[in-house]
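J.:
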Amino acid sequence: MLSGVFILMFGFGILFNSISLVFIFTPLFILFNYVELKAIEEPELEKRLGKKYLKYKKRVPMFIPKLGRTKKRLPK
Numbered sequence: 001m002l003s004g005v006f007i008l009m010f011g012f013g014i015l016f017n018s019i020s021l022v023f024i025f026t027p028l029f030i031l032f033n034y035v036e037l038k039a040i041e042e043p044e045l046e047k048r049l050g051k052k053y054l055k056y057k058k059r060v061p062m063f064i065p066k067l068g069r070t071k072k073r074l075p076k
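The sequence shown begins at 1 in UniProt numbering and counts up by one.
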């Protein structure tokens, strides 16, 4: 979901010809969300969910999904 918000902010910046939205606020928003996820959300999930979350975190990327791997996960 956050990847979509990043793209949306970037798109609005281009649509409204806002250089500050494209080059200042969007990168700051991305940085803020990355820090918040790493510093607050991930430790809380690790504490609450334990090994299951650690296994999930190894398989799933933080922002951009790996599309080429879906065939391996589909049942035959």
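Built from N, CA and C at the ideal position, the CB exists for glycine as well. Quantities reported herein were computed from a predicted structural model and do not represent experimental measurements.
Report the rounded CA-to-CA distance for lysine 38 versus phenylalanine 12, giving the unit in angstroms.
T.: On the sequence shown, position 38 is the one that residue 38 refers to. On the sequence shown, position 12 is the one that residue 12 refers to. Cα-Cα distance, rounded: 27 Å.
J.: Just reading off the alpha helix (DSSP H) that asparagine 33 is part of, what are its end residues?
T.: Here residue 33 refers to the residue found at position 33 of the sequence shown. Where asparagine 33 is concerned, the enclosing alpha helix (DSSP H) stretches over 26-36.
J.: Can you name the start and end residues of the alpha helix (DSSP H) that isoleucine 14 belongs to?
T.: Your numbering for residue 14 matches position 14 in the sequence shown. Residues 2-15.
J.: Quick check on this structure: which residue in Thr26, Phe16, Lys51, Ser18 has the alpha carbon closest to the alpha carbon of valine 5?
T.: Here residue 5 is taken as the residue at index 5 of the sequence shown, counted from 1. That would be Thr26, whose Cα lies nearest to the Cα of valine 5.
J.: What separation, rounded to the nearest whole angstrom, lies between the Cα atoms of leucine 49 and glycine 68?
T.: To locate residue 49, count along the sequence shown from 1; it is residue 49. To locate residue 68, count along the sequence shown from 1; it is residue 68. In a straight line, the C-alpha of leucine 49 is about 28 Å away from that of glycine 68.
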